[in-house]
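Okay, so the sequence shown: first residue is 1 according to UniProt numbering, each after it adds one. Right, one structure below, let's go through it.
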Amino acid sequence: MDAVFKALADPTRRDLLDELFREDGQTLHALEARFEMTRYGVMKHLKLLEEAGLVVTRRRGREKLHFLNPVPIRLIHDRWVSKYAQPWAAALSDLKTRLESPMEKIFEIYIKTTPERLWEAITDSDIRSKYQFGNSIKSDWTTGSRFEMGNPKADGALLGEGENIEVDPPRRLVQTMRALWGEDVKAEGTSRITWEIEPVGDSCHLTVTHDQLREGANDQLYGGWPMILSGLKTWLETGEKLTTPGSLMYT
């Protein structure tokens, strides 16, 4: 967490994060054009942000794109802010972004656990409910199978559904997903979620990519990921549930 605080201490790096809030998935050339400094200077700042986990890069052909990873900021909020603020205050800080089409969001987090235990936490309905707002996930977790998401307090209505299009335990899970909890999100249609687990010593590097979203998609579809992944990390490392605005929806 020290690396995150150090990265956020510099105003230029905060401005770079603001640029990625404004438009995610930018190239170095696009970011460089918005700052009065050398290309090398921008590269140094981006490297520090990437080392802190605040920026994630992906190759698209010959281009290297930079994506904002809000999970470390969420973890800081959960540890240093939420204990002093009303739980609903976090909802006031939601940011809407305008992204290139097709829309893509990438989230990264490191969790002290094994790949097998992390995979179980993703696919076990009882464990999943402990960090994903009380929601259960039902599936047989085979390639081509269906999954359904619900909540005991949702009057039996499905909150989401989709297909498991790639199941490779304990490394990779790719799913289509259609949100059903409201007419506004139903209209968004189907998107894709990819879970990737990489062992790193005694920990795991988890990357969640939510893509195939239309430009300007409803942020309810992806805005909950920082809370979900923070709750997942807390559960696996401490055995405790994390209180978030999302976890209070059905209380």
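From the three backbone atoms N, C-alpha and C, an ideal C-beta is built for every residue, glycine too.
Query                                                                                            : Result
C-alpha gap between Val167 and Ile109, whole angstroms                                           : 21 Å
Local conformation of Ser145 per DSSP, three classes                                             : coil
Rounded straight-line distance, which links the Cα of Glu198 to that of residue 257              : The question about residue 257 has no answer here: the residues shown for the chain are numbered 1 through 251.
Contacting residues, own chain, Cβ-Cβ under 6 Å from Arg39 (five flanking each side not counted) : Glu32
Contact between the stretch 137-145 and the stretch 220-238 (3+ Cβ pairs under 8 Å)              : no
Inter-residue spacing [alpha-carbon to alpha-carbon] between Leu158 and Tyr131                   : 18 Å
Coil, strand or helix - Arg172 by DSSP                                                           : strand
DSSP-derived helix/strand/coil call for Met103                                                   : strand
Residues near Ser125 in its chain [Cβ-Cβ closer than 7 Å; skip 5 each side]                      : Ser136, Ile137, Lys138
Own chain residues within Cβ distance below 6 Å of Lys105, not counting five before or after     : His210, Tyr222
Cα-Cα separation between Pro70 and Ala179, rounded to whole angstroms                            : 22 Å
Alpha-carbon to alpha-carbon, Pro152 and Lys6                                                    : 42 Å
Option in Leu68, Glu183, Gly216 with minimal Cα separation from Glu19                            : Leu68
Exposure label - Asp24; buried when at least 16 CB within 10 Å                                   : buried
Nearest candidate by alpha-carbon position, reference Trp195, set Pro169, Gln220, Asp184, Glu183 : Pro169
Same chain, Cβ closer than 6 Å to Met103, neighbours up to 5 away in sequence not counted        : Leu213, Glu215, Ala217
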